[in-house]
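For reference, the structure is listed below as structure tokens.
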Amino acid sequence: MSAPAGTRSWLAGRAPRWRSLAEVAARARAGGRLSIEGAQAVLDGYRSVARDLATARQQLPGSGVTTALETIYAAFHALVNRAPRNSRAAIVRLLRVEIPAVAASLRIPLLYLTLLFALSAGAGWWLITHYPELIGLIASEAMIDQTEHGHLWTEGLLRITPGSVLSIRLFSNNIVVSVTAFCAGIFYGLGTFYLIALNGLLLGGTFAFTRQHGLDGELFRFVIAHGTVEISVILISGAAGVALGESLIRPTPGGRLDSFQHAAARLGKLLLLCALLLVGCGLIEGFVSPNPLFPLASRVVIGVCYWFVMVGALTGRLFGARPRA
Amino acid sequence: MDREQLTIASATGVDVSLNLAGAGSRSYAFVIDWHFRLLLALAWQFALTLLVAGQVTPPTEGGEATGRWVLLAVLPALAIYFLYHPLLEVLMRGRTPGKRIAGVRLVTQGGGTPSTGALLIRNAFRVIDALPVCYVVGLVATLVTERRVRIGDLAAGTVLVHDHAGALDALADIGSLAGRTSLDPAAIELVRDLLGRWDSLDVARREQLSCALLARLDPGADPAYLAALDDHSLRRRLEAQLRGGRLA
């Protein structure tokens with residue numbers, strides 16, 4: 065097993081340099097922002113390891129040295145190609161430019177989805193009005209029992225659970241619904257349509273049931289403060305899900321996968337804002353909606369004002385974006 | 037069988053090659069992480085219950101758990117359990133403790149570190165990957181997709197690859213060894229690997245491997261003589277090969 069002396073002397077000469085380059089890559093990766101000298105060292109290291117890796121792949125295929133050089137090379141490649149970091153500017157751009165652009169592109173699916181929601185709410189209303197026995201399909205026994213005894217299930221919520229706990233529980237649940245409405249778009253948009261239609265059906269059916277017992281006004285009183293934005297945000301997430309489904313049905317020239325990835329990255333930004341808005345909804349639903357001290361007028365004002373805050377956030381004006389001329 | 041690889045063209049003209057992690061490595065990392073997050077969440081809930089109530093059972097008022105206990109013990113525990121993956125993947129740049137132990141990490145299709153947005157999208161799609169139970173959709177996706185990815189990875193443009201952090205050990209003394217010995221680099225690696233694993237191998241197994249290796253390194257050696265050597269002598273001979281053939 066005699067070895068070419070050239071490979072051994074090459075190894076003996078280059079190994080110390082590779083160890084120091086591995087340290088340069090590790091330091092650069094851990095350190096965040098690089099100085100000009102540091103960036104230059106990374107670029108030099110990248111080129112140097114590329115040359116040595118090409119030799120090692122030829123001379124020592126499958127060896128530990130080649131694997132080590134692959135690792136160092138991949139680390140340098142990631143460093144050289146990493147996106148510039150400017151978190152503040154990126155967040156400002158996200159809120160002022162990117163999210164408003166996504167929201168504006170969703171107007172048509174949002175319109176259709178709102179129509180679907182309204183129609184299914186109407187269908188739910190009609191169904192429960194004509195076939196009251198079907199309420200068992202959409203409401204729990206406890207809810208039905210309380211309503212039949214003249215009390216809304218939301219009464220005394222704050223006596224059972226503190227507002228803070230209630231808020232966290234509610235906004236977590238709403239965020240999950242919103243994320244699911246978006247992700248379900250992967251089933252060519254059908255998953256989103258199903259979720260939105262189901263939510264509409266439940267809302268319409270519940271209102272019809274409470275009306276039969278003279279409690280629809282109470283239910284309206286409960287939902288108006290948080291419901292305006294909550295329903296809107298879930299519809300917006302759904303519209304993003306529909307657009308995601310459309311990216312699969314009508315892919316871009318780059319192919320279906322590329323189209324899906326591009327759509328997910330673009331539309332996903334909107335979900336961040338939706339999650340923030342739902343935290344606000346949760347706080348209102350936890351502290352205001354179940355609190356009998358708030359009169360209907362103040363609830364309506366809160367609901368309407370928060371809805372305008374949502375519109376401001378979606379158009380970017382809340383974050384300082386200038387209106388388009 | 038060759039490992040499946042992600043090959044990325046680079047500006048230097050030398051492609052970057054990353055070994056794709058399959059369903060096995062992915063599941064292994066997930067199971068470790070699942071245990072971590074479950075134990076962390078339970079530990080938090082237990083410790084805070086003890087702190088808030090002075091007992092191990094939840095405090096109650098009128099048959100209901102108290103709001104303070106839910107707020108301090110239950111909700112943070114749920115947050116630990118559900119935010120473990122998105123939070124740690126963002127903070128650890130595509131890794132989690134489980135991925136680190138399993139030797140895998142997330143990269144973009146270009147071989148870079150995934151952005152925060154991509155990692156959040158990847159985690160949002162867990163609601164689909166987890167369907168109908170126990171990540172069946174995700175697991176099937178990793179078996180049928182070209183790059184062994186789940187739906188969340190498809191959406192975020194991320195790939196799970198093997199992280200050869202331990203591979204740098206191969207460079208530890210290769211330079212000095214290559215300068216001293218007459219062995220070729222592949223033989224140096226074999227001898228060093230065997231010596232490195234010496235204590236973890238059975239005596240009979242390491243004697244058998246040493247004899248085979250020494251016979252290969254020195255074709256003139258008498259196999260019967262090598263077979264008669266004891267464990268200690270075989271080790272000394274292998275070490276001597278690395279020093280350039282001289283027995284100390």
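Those protein sequence lines, which keep their order, are chains A and B. Each number in this note's numbering comes from the position in the first sequence (counting from 1) with 64 added on. Each number in this note's numbering comes from the position in the second sequence (counting from 1) with 36 added on. Glycine included, every Cβ here is placed at the ideal spot set by N, Cα and C.
Original post:
Are the segment 57-67 of chain B and the segment 134-142 of chain B touching, with three or more C-beta to C-beta distances below 8 Å?
Top reply: In this structure the segment 57-67 of chain B touches the segment 134-142 of chain B; the number of beta carbon pairs closer than 8 Å is three or more.
Original post:
Does the distance from the CB of A/Gly350 to the CB of A/Gly227 come in under 7 Å?
Top reply: Locating residue 350 of chain A in the first sequence gives position 286, counting from the first residue. Locating residue 227 of chain A in the first sequence gives position 163, counting from the first residue. Between A/Gly350 and A/Gly227, the CB-CB gap stays under 7 Å.
**OP:** Could you pull out every unbroken alpha helix (DSSP H) segment of at least 4 residues lying fully inside the segment 220-283 of chain B, listed in chain order?
**Re:** Look at the segment 220-283 of chain B and you find these whole runs of alpha helix (DSSP H), each 4 residues long or longer: 221-232, 239-253, 259-264 and 267-278.
Subject >> For B/Glu125, three-class secondary structure by DSSP >> reply: Taking the second sequence and counting its residues from 1, one reaches residue 125 of chain B at position 89. In the structure shown, the three-state DSSP call for B/Glu125 is helix.
Original post:
Taking Cβ to Cβ, would you say A/Tyr137 is nearer than 7 Å to A/Val106?
Top reply: For the purposes of this step, residue 137 of chain A is identified with residue 73 of the first sequence, where counting begins at 1. For the purposes of this step, residue 106 of chain A is identified with residue 42 of the first sequence, where counting begins at 1. Not a contact, by the Cβ cut-off of 7 Å.
**OP:** Can you pull the chain B residues whose beta carbon is under 8 Å from the beta carbon of A/Thr131, in chain order?
**Re:** As a first step, residue 131 of chain A is located in the first sequence; it is residue number 67 there, counting from the start. What A/Thr131 touches in chain B: His200, Ala203 and Ala206.
Original post:
Just reading off the alpha helix (DSSP H) that B/Arg141 is part of, what are its end residues?
Top reply: The residue you call residue 141 of chain B lines up with position 105 of the second sequence. For B/Arg141, there is no enclosing alpha helix (DSSP H); the enclosing beta strand (DSSP E) has its first and last residue at Val140 to Thr144.
Original post:
Relative to the C-alpha of B/Gly98, which residue among A/Leu341, A/Leu124, A/Ser362 and A/Arg223 is closest?
Top reply: Your numbering for residue 98 of chain B matches position 62 in the second sequence. The option with the nearest alpha carbon to B/Gly98 is A/Arg223.
Original post:
Which of helix, strand or coil does DSSP assign to B/Thr132?
Top reply: One-based indexing of the second sequence puts residue 132 of chain B at position 96. In this structure, B/Thr132 counts as coil in the three-state DSSP scheme.
**OP:** Find out if the Cβ-Cβ distance for the pair B/Thr194, B/Arg136 is shorter than 7 Å.
**Re:** Taking the first residue of the second sequence as position 1, residue 194 of chain B is located at position 158. Taking the first residue of the second sequence as position 1, residue 136 of chain B is located at position 100. Remark: C-beta atoms of B/Thr194 and B/Arg136 do not approach each other more closely than 7 Å.
**OP:** Check each candidate in B/Ala83, B/Thr102, B/Arg162 and B/Gly90 and name the one with the smallest Cα separation from B/His121.
**Re:** Locating residue 121 of chain B in the second sequence gives position 85, counting from the first residue. The shortest C-alpha separation from B/His121 is found at B/Arg162.
Original post:
If A/Ile260 and A/Leu299 are in contact, beta carbons under 8 Å, what's the gap, nearest whole angstrom?
Top reply: Position 196 of the first sequence, counting from 1, holds the residue named residue 260 of chain A. Position 235 of the first sequence, counting from 1, holds the residue named residue 299 of chain A. Right, the Cβ-Cβ distance comes to about 7 Å (below 8 Å), so this counts as a contact.
**OP:** State the Cα-Cα distance for the pair A/Leu177 and A/Leu360, rounded to the nearest angstrom.
**Re:** Numbered from its first residue, the first sequence carries residue 177 of chain A at position 113. Numbered from its first residue, the first sequence carries residue 360 of chain A at position 296. The alpha-carbon atoms of A/Leu177 and A/Leu360 are separated by roughly 29 Å.
Subject >> A/Gly186 vs A/Thr256 beta-carbon contact at 7 Å >> reply: Along the first sequence, read from residue 1 onward, the residue named residue 186 of chain A stands at position 122. Along the first sequence, read from residue 1 onward, the residue named residue 256 of chain A stands at position 192. Result no, Cβ atoms of A/Gly186 and A/Thr256 do not sit closer than 7 Å.
Original post:
Roughly how far, in whole angstroms, is the beta-carbon of A/Ala289 from the beta-carbon of A/Gly367, given that I think they are within contact range, below 8 Å?
Top reply: Along the first sequence, read from residue 1 onward, the residue named residue 289 of chain A stands at position 225. Along the first sequence, read from residue 1 onward, the residue named residue 367 of chain A stands at position 303. So it is a contact: roughly 5 Å between Cβ atoms.
**OP:** Give the residues of chain B in contact with A/Gly380, contact being defined as C-beta atoms less than 8 Å apart.
**Re:** By one-based count along the first sequence, residue 380 of chain A stands at place 316. In chain order: nothing, as chain B lies at least about 18 Å away.
**OP:** Compute the distance between the beta-carbons of A/Ala153 and A/Phe246, then report whether it is under 7 Å.
**Re:** Taking the first residue of the first sequence as position 1, residue 153 of chain A is located at position 89. Taking the first residue of the first sequence as position 1, residue 246 of chain A is located at position 182. It is not a contact, given that the beta carbons lie outside the stated cut-off.
Subject >> A/Val306: contacting residues in chain B (beta-carbon distance under 7 Å) >> reply: Numbered from its first residue, the first sequence carries residue 306 of chain A at position 242. Annotation: A/Val306 has no Cβ neighbours in chain B at a cutoff of 7 Å; minimum Cβ distance is about 15 Å.
Original post:
Going along the chain, which residues of its own chain have a beta-carbon closer than 6 Å to the beta-carbon of B/Gly280, five neighbours each way excluded?
Top reply: Translated into the one-based positions of the second sequence, residue 280 of chain B becomes position 244. Answer for B/Gly280: Arg216 and Thr217, listed in chain order.
Original post:
At a cut of 8 Å, does the segment 121-131 of chain A reach the segment 194-210 of chain B through at least three beta carbon pairs?
Top reply: Contact holds between the segment 121-131 of chain A and the segment 194-210 of chain B, because three or more Cβ pairs, one in each stretch, are under 8 Å apart.
Subject >> Cα-Cα separation, B/Gln145 to B/Ala89 >> reply: Taking the first residue of the second sequence as position 1, residue 145 of chain B is located at position 109. Taking the first residue of the second sequence as position 1, residue 89 of chain B is located at position 53. Rounded to the nearest whole angstrom, the CA to CA distance from B/Gln145 to B/Ala89 is 50 Å.
Subject >> A/Gly278 burial status per 10 Å Cβ neighbour count (16 or more: buried) >> reply: The sequence position of residue 278 of chain A within the first sequence is 214, counting from 1. A/Gly278 sits exposed, since fewer than 16 C-beta atoms from the chains shown fall within 10 Å of its C-beta.
**OP:** With a floor of 4 residues, list each alpha helix (DSSP H) that falls wholly inside the segment 93-180 of chain A, ordered by position along the chain.
**Re:** Annotation note: the segment 93-180 of chain A contains the following uninterrupted alpha helix (DSSP H) runs of length 4 or greater, listed N- to C-terminal: 100-123, 128-144, 151-157 and 163-169.
Original post:
With respect to the beta strand (DSSP E) encompassing B/Ser63, which residues constitute its N-terminal and C-terminal limits?
Top reply: Here residue 63 of chain B refers to the residue found at position 27 of the second sequence. Segment Ala59 to Ala89 is the alpha helix (DSSP H) holding B/Ser63; no beta strand (DSSP E) there.
Original post:
Of all the alpha helix (DSSP H) runs that stay within the bounds of the segment 189-250 of chain A, which reach a length of 4 or more residues?
Top reply: Runs found: 199-202, 205-212, 221-224 and 227-247.
Subject >> Of the residues B/Glu275, B/Glu243, B/Val173 and B/Leu274, the one placed nearest B/Ala263, counting alpha carbons only >> reply: Taking the first residue of the second sequence as 1, we reach residue 263 of chain B at position 227. By alpha-carbon distance to B/Ala263, the top candidate from B/Glu275, B/Glu243, B/Val173 and B/Leu274 is B/Glu243.
Original post:
Is there a Cβ from chain A that is less than 7 Å from the Cβ of B/Ser61?
Top reply: As a first step, residue 61 of chain B must be located in the second sequence, where it is residue number 25. Answer no: the Cβ-Cβ gap between B/Ser61 and chain A never drops below 7 Å.
**OP:** Kindly indicate if chain A contains any beta-carbon less than 7 Å away from that of B/Ile164.
**Re:** In the second sequence, the residue the question calls residue 164 of chain B occupies position 128. Residue contact with chain A for B/Ile164: present (Cβ-Cβ distance below 7 Å to some residue of chain A).
**OP:** With DSSP as the reference, label B/Ser46 as helix, strand or coil.
**Re:** On the second sequence, position 10 is the one that residue 46 of chain B refers to. Looking at B/Ser46 - three-state DSSP - the assignment turns out to be coil, as it is neither helix nor strand.
Original post:
Which residues in the same chain as B/Gly232 place their Cβ atom closer than 7 Å to its Cβ, once the five residues preceding and following it in sequence are excluded?
Top reply: Position 196 of the second sequence, counted from the first residue, corresponds to residue 232 of chain B. Closer than 7 Å at Cβ, skipping near neighbours: no residue.
Original post:
Per DSSP, A/Ala339 forms a beta bridge with which residues?
Top reply: Position 275 of the first sequence holds residue 339 of chain A. In the DSSP output, where bridge partners are listed per residue, A/Ala339 has none listed.
Subject >> chain B contact for A/Gly95 (CB, 7 Å cutoff) >> reply: Taking the first residue of the first sequence as position 1, residue 95 of chain A is located at position 31. Closer than 7 Å: no.
Original post:
Secondary structure at B/Ser53, three-state DSSP: helix, strand or coil?
Top reply: For this step, residue 53 of chain B is matched to residue 17 along the second sequence. Three-state result, B/Ser53: strand.
Original post:
Is any beta-carbon of chain A found at less than 7 Å from that of B/Ser53?
Top reply: Taking the first residue of the second sequence as 1, we reach residue 53 of chain B at position 17. Yes, contact with chain A.
**OP:** Kindly indicate if chain B contains any beta-carbon less than 7 Å away from that of A/Thr119.
**Re:** As a working mapping, residue 119 of chain A is identified with position 55 in the first sequence. At least 7 Å separates the CB of A/Thr119 from every CB of chain B.
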